[in-house]
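Top line first, the protein sequences correspond to chains R and A.
Whatever position you read off the first sequence (first residue = 1), add 35 for the numbering used here.
Whatever position you read off the second sequence (first residue = 1), add 35 for the numbering used here.
Where is the CB? At the ideal position from N, CA and C, for every residue including glycine.
Worksheet: one structure, shown below.
Number of protein chains: 2
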Amino acid sequence: MENNFTRVKISDVAQKAGVSSGTVDRVIHNRGEVAIKTREKVLKIIREMNYEPDILASTLASKKNYRFASLIPEGDEANLFWKSPAEGLEQALNEIKHFGITIDQHFFPYFDRNAFRKELLTIAESKPSGVVIAPVFSEQTKEILPKFNQLGIPVVFLNTQIENQNNIAFVGQEPGRSGMVAAKLLNYGLVQNAEIFIINIISQLGGNSHILNREKGFRDYFALSHNPSHLKLKTININVQEPETLESVLTQNLGGTESGCRNKGIFVTNSKVFHIAQWLEKNNLSFIKLVGYDLLEQNQEYLKKGTIDFLISQQPREQGYKSIMTLFNHLLMKKQINKDQFLPIDIITKENIDFYINH
Amino acid sequence: MENNFTRVKISDVAQKAGVSSGTVDRVIHNRGEVAIKTREKVLKIIREMNYEPDILASTLASKKNYRFASLIPEGDEANLFWKSPAEGLEQALNEIKHFGITIDQHFFPYFDRNAFRKELLTIAESKPSGVVIAPVFSEQTKEILPKFNQLGIPVVFLNTQIENQNNIAFVGQEPGRSGMVAAKLLNYGLVQNAEIFIINIISQLGGNSHILNREKGFRDYFALSHNPSHLKLKTININVQEPETLESVLTQNLGGTESGCRNKGIFVTNSKVFHIAQWLEKNNLSFIKLVGYDLLEQNQEYLKKGTIDFLISQQPREQGYKSIMTLFNHLLMKKQINKDQFLPIDIITKENIDFYINH
DNA sequence: ATTTAAATCGTGTACGCACACGGAAAATAT
DNA sequence: ATATTTTCCGTGTGCGTACACGATTTAAAT
């Protein structure tokens, strides 16, 4: 039922071309010292015989070692999201470490742009074979990326996209699209005359393009076609550092009787949605529809209790996994790779969450 | 930042143990002819030095070839779902073919249990290294599976689970759970006094355990806790072969004025949901909430038009991929594998479907 | 004590490829 | 013409492992 003949190997090509395997090898790897005529003849035979090098024998013979480097935010308590990509990197490493691949994992405090810059420079100096970074700070990224380009080191962007930077790929989500999904979910769950709040819980400076795009996508959804003309949309910006602000702002906008709130919905544009869930619970307003991002443990808890209705997963683990695999396919397997690698926008509920956590 | 020292190889172990590499090899592969004392000494050294065989060199040296076999339904026009697992098989093959793996793909007409049985016997006779099957027919499976057990050939079940069959793994979905997800989606989108229909569109005989479990999960959802006491749940069984039945049954149950239907929902327990969507459209009842299964092209069409609100994906492609990878990890990588490999229950909407189709 | 059989282990070759080395031939310089 | 360089290419060794084969030792049988 399948071809059982043995693979064509380099010596077969050599024999048929009337040269030695060494010459064929030189042709394959473009290491020169081959007469043009011979070269073309060999190439022709390779095509004819459909020769493909055995990647196992190849990596065994060339004791070449590939050093990959990664740079992502620290995954500490304040920033649980970033634990997952690191796990994905590890998983990928496990699958391909036989090929002589190692990964130097670098981290930086999420808000420290200097640390980011410094680590990136360190990585550049170490001249790895390939790099995965979460380019949280666009200034610093734009400054240093040319170094990698000059050195011919391929760079993959993880989670955050920056345009026109010569990175070989972006692995992440389309933020606008995820906003639309959130809009769909709230719109579907509410009836006429609904009142919907978009809550941006911003911690500090910078790095908010994600959030802006999500809000835009969310609003686009209603602007495009699904707009009950009487729908009320309101954006609220909150600094999470100031709990009293959060408290008062929410009370002011969302307080009220149960019947008055039945038809309200909230879209939190990032993973801080559990703050809102906590407040809703405390004020017996859990029935208000609530949609947010990411499977942090706190979020999972409120999802299971029903206070949060839906979470949108960014699939951080898969982001890490795919980033490394992209480098692998590019450098080792010489495969053509897609520049944009968008991960699905997974909709998580109390009922299906079990299948998305853990491995 | 990483260990740069060279891996410990078999000759290192041999030297330290004061034996030859041949002996170490015999110990590793349990091919006997080693004095117990020597054996234990070698094992001890292996543990001490943390030796792990180089799988590349290993597969290169042992020109062993692994023949996998698969048996799934034909993916023809009447059965589009089954095109995808085959693609997943192919994709997995592409990633691991270097290891000397080939796959004999076998197919059978979806309703032909004799063909199924016959193909399975053929596969058993060909004595492959591992097998992936969609055990659609439980009788025939139970009859023939012992043959594989006797031969020591590992079998992976794809999509359909049958208990107590000594298969090394099941790759698929939890049907009950997916029913609960469907229930959640309808319940979330409807208000008090809703009227919900469960529609089973059955083609012919047998193979309906999926459907039954989905319905059960769906009903459980409401029975457990989310039950608006006045909710009306009704099951409708339809034979898809008889269009006139479909027509009349639907008219009888779902006909009515728009206002009377605003609060109705339909759960179709398999991929035939497009039949219902078609009928709803024709009768201007597209606003009735509709949830079904699988990303068939017809279903995609109605999802994009909004007639279908949600589709639940069984991730058929991933099922194929994971099945092969399970065999690979079990046979080649000697990894411990999970017996139950449940795929996430993906919720697909018009807004996020783009990321789930194609590769 | 001698032969025979069994148990145990080392050696050598092969897997397909990468790459260093050096030799022959051709091109250029003297 | 010879000497020198350059171009081109084949040979040989090594990567880490698998396994056939045969060598050596030990035990059993006669």
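| Item | Value |
| --- | --- |
| Per DSSP, the bridge partner or partners of residue 134 of chain R | Looking at the DSSP assignment, residue 134 of chain R forms no beta bridge with any residue, so it has no partner. |
| Contacting positions in the stretch 105-138 of chain A - beta carbon closer than 8 Å to chain R | 133, 134, 137, 138 |
| Residue environment, residue 210 of chain A, which counts as buried when at least 16 other CB atoms sit within 10 Å | buried |
| Short Cβ contact (8 Å threshold) for residue 311 of chain R with residue 388 of chain R | no |
| Minimum length 4: unbroken alpha helix (DSSP H) runs contained in the stretch 113-168 of chain R | 118-131, 148-161 |
| Rounded separation between residue 82 of chain R and residue 219 of chain R - CA only | 51 Å |
| Short CB-CB distance (under 8 Å) between residue 148 of chain R and chain A | no |
| 8 Å Cβ shell around residue 157 of chain R - same chain, five flanking residues per side excluded | 141 |
| Residue-level contact to chain R via CB, residue 52 of chain A, 8 Å cutoff | no |
| Inter-residue CB distance, residue 208 of chain R and residue 377 of chain R (contact presumed, cutoff 8 Å) | 6 Å |
| Member of R/127, R/338, R/144, R/284 whose CA lies at the smallest distance from the CA of residue 109 of chain R | R/144 |
| Where residue 90 of chain A falls: helix, strand or coil (DSSP) | helix |
| Interface flag, residue 206 of chain A vs chain R, CB-CB below 8 Å | no |
| At least three beta-carbon pairs within less than 8 Å, the stretch 52-65 of chain A to the stretch 95-110 of chain R | no |
| CB of residue 383 of chain R within 8 Å of CB of residue 330 of chain R, strictly | yes |
| Three CB pairs or more closer than 8 Å across the stretch 350-370 of chain R and the stretch 155-170 of chain R | yes |
| Inter-residue spacing [alpha-carbon to alpha-carbon] between residue 285 of chain R and residue 237 of chain R | 15 Å |
| Closer than 8 Å to chain A by CB, residue 258 of chain R | no |
| Where the beta strand (DSSP E) containing residue 211 of chain A begins and where it ends | Residue 211 of chain A -> not in any beta strand (DSSP E); alpha helix (DSSP H) instead, spanning 210-224. |
| Interfacial residues, the stretch 200-224 of chain A to chain R, with Cβ spacing under 7 Å | 212, 215, 216, 219, 223, 224 |
| Nearest-angstrom Cβ-Cβ length linking residue 180 of chain R and residue 149 of chain R, presumed shorter than 8 Å | No, residue 180 of chain R and residue 149 of chain R are not in contact; Cβ-Cβ is about 17 Å, not under 8 Å. |
| Proximal residues to residue 223 of chain R (C-beta, below 8 Å), its chain only, five neighbours per side dropped | none |
| Rounded C-alpha distance that separates residue 276 of chain R from residue 303 of chain R | 16 Å |
| Chain-ordered neighbours of residue 384 of chain A on chain R, where CB pairs are closer than 7 Å | 216, 219 |
| 8 Å Cβ cutoff, residue 304 of chain A in contact with chain R | no |
| Interfacial residues, the stretch 66-94 of chain R to chain A, with Cβ spacing under 8 Å | 89, 90, 91, 92, 94 |
| Simplified DSSP assignment, three categories, for residue 48 of chain R | helix |
| Residue from A/248, A/50, A/307 with nearest C-alpha to residue 112 of chain A | A/307 |
| Pairwise C-alpha distance: residue 91 of chain R and residue 39 of chain A | Unreliable positioning characterises residue 39 of chain A in this predicted model, as indicated by a pLDDT of 37, which lies under 50. A coordinate reading is not provided. |
| Given residue 204 of chain R as reference, the closest of R/373, R/216, R/385 once Cα atoms are compared | R/373 |
| Partner residues on chain R for residue 468 of chain A, Cβ-Cβ distance less than 9 Å | With chain A covering 36 to 394 only, the question about residue 468 of chain A has no answer from this structure. |
| CA-to-CA distance, residue 364 of chain R to residue 350 of chain R, given in whole angstroms | 21 Å |
| Beta bridge counterpart(s) of residue 269 of chain R as assigned by DSSP | R/232 |
| Short Cβ contact (8 Å threshold) for residue 193 of chain A with residue 354 of chain A | yes |
| CB contact below 8 Å: residue 301 of chain R versus chain A | no |
| Chain R residues whose Cβ lies nearer than 8 Å to that of residue 60 of chain A | The premise fails here: residue 60 of chain A is roughly 17 Å from chain R at the closest Cβ pair, so nothing lies under 8 Å. |
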